[in-house]
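In full-length UniProt numbering, the protein residues as written are 1 to 261.
One structure is given below, encoded as structure tokens.
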């Protein structure tokens, strides 16, 4: 009987040591801006199961966001190149244009697989540990789902795009419902959600009016309470508030210009 207790302790100790090793490797990879390595380490850490700490949760977000960002940038570049060649009248049989299309298809495939990977990770491992327990974590993960479905929307077409739009909208709405009832208006996670939710309305749904409303409401709700935040949250919240205000100003200006035209 004593042997079983010893084995259990050894196994627990080994798991804790592995988790700490992966955590340290994730942090070092972040410092070196080796985001692909960061993703591998944090993914393995998440797949060990259990609730993520705030630090682990943020590392998960940073790792995947940076890799997704570079791949989305590559998609925008090759899409612009293909469009430019089309406008110049370059035939699709041209070797240069074929090379662009080849790379574009590869980038789209890689980005779809990458987004699918993080969405599976959220649904299978992290969201179940947060639902009906912690509002902050639940909002965070549903916002992440909305973001990655939004990324998939950008590179999808037809029925597939409509499906991604619906899933992004559902994820954002679920996060928004929880955030607006359980998180304070100046909470950085609630503000970050409002920022991305407004961008979704503007860029994906082409609804500038709703985008402006979401951004403006979030800013106005937070402004009277932001001074009560702790120092570490204050900086994050005020930065997001500035982004909300900048976007609102830009979008209002664009709508006014469209109205004049």
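All C-beta atoms in this analysis are idealised placements derived from N, C-alpha and C, irrespective of residue type, glycine included.
Item                                                                                                                                                                    : Value
Please confirm if the stretch 122-138 is in contact with the stretch 182-192, defined as three or more CB-CB distances below 8 Å between the two stretches.             : yes
At the level of alpha carbons, what is the spacing between residue 223 and residue 194?                                                                                 : 14 Å
List, from N- to C-terminal side, the alpha helix (DSSP H) runs of 4 residues or more that fit wholly inside the stretch 121-178.                                       : 127-130 and 135-155
In angstroms with no decimal places, state the Cα-to-Cα distance between residue 9 and residue 125.                                                                     : For residue 9, the pLDDT reaches just 42, beneath the cut-off of 50, and the residue's location in the model is therefore unreliable, leaving the point undetermined.
Per DSSP, what kind of secondary structure is residue 235 in: helix, strand or coil?                                                                                    : helix
What does a CB cutoff of less than 6 Å around residue 174 pick up in its chain, not counting 5 residues either side in sequence?                                        : 142
On the three-state DSSP scale, how would you describe residue 34?                                                                                                       : coil
Can you tell me the Cα-Cα spacing of residue 177 and residue 148, whole angstroms?                                                                                      : 19 Å
Which class does residue 52 belong to by DSSP, given the choice of helix, strand or coil?                                                                               : coil
For residue 97, which residues from the same chain have a beta carbon less than 6 Å from its beta carbon, with the 5 sequence-adjacent residues on both sides left out? : 85 and 90
Assuming residue 192 is part of the alpha helix (DSSP H), what are its boundary residues?                                                                               : 188-199
Helix, strand or coil, according to DSSP, for residue 255 in the structure here?                                                                                        : helix
Comparing C-alpha positions only, which one of 99, 151, 204 and 217 sits nearest to residue 180?                                                                        : 217
In three-state terms, what does DSSP make of residue 229?                                                                                                               : coil
Helix, strand or coil for residue 61 per DSSP?                                                                                                                          : helix
Can you tell me whether residue 38 is buried or exposed? The criterion is at least 16 other CB atoms within 10 Å of its CB, across all chains shown.                    : buried
How big is the Cα-Cα spacing for residue 170 and residue 47?                                                                                                            : 25 Å
Less than 8 Å between the CB atoms is what I'm expecting for residue 30 and residue 67, so what's the real figure, rounded?                                             : Actually they do not touch by this definition, with Cβ atoms about 12 Å apart.
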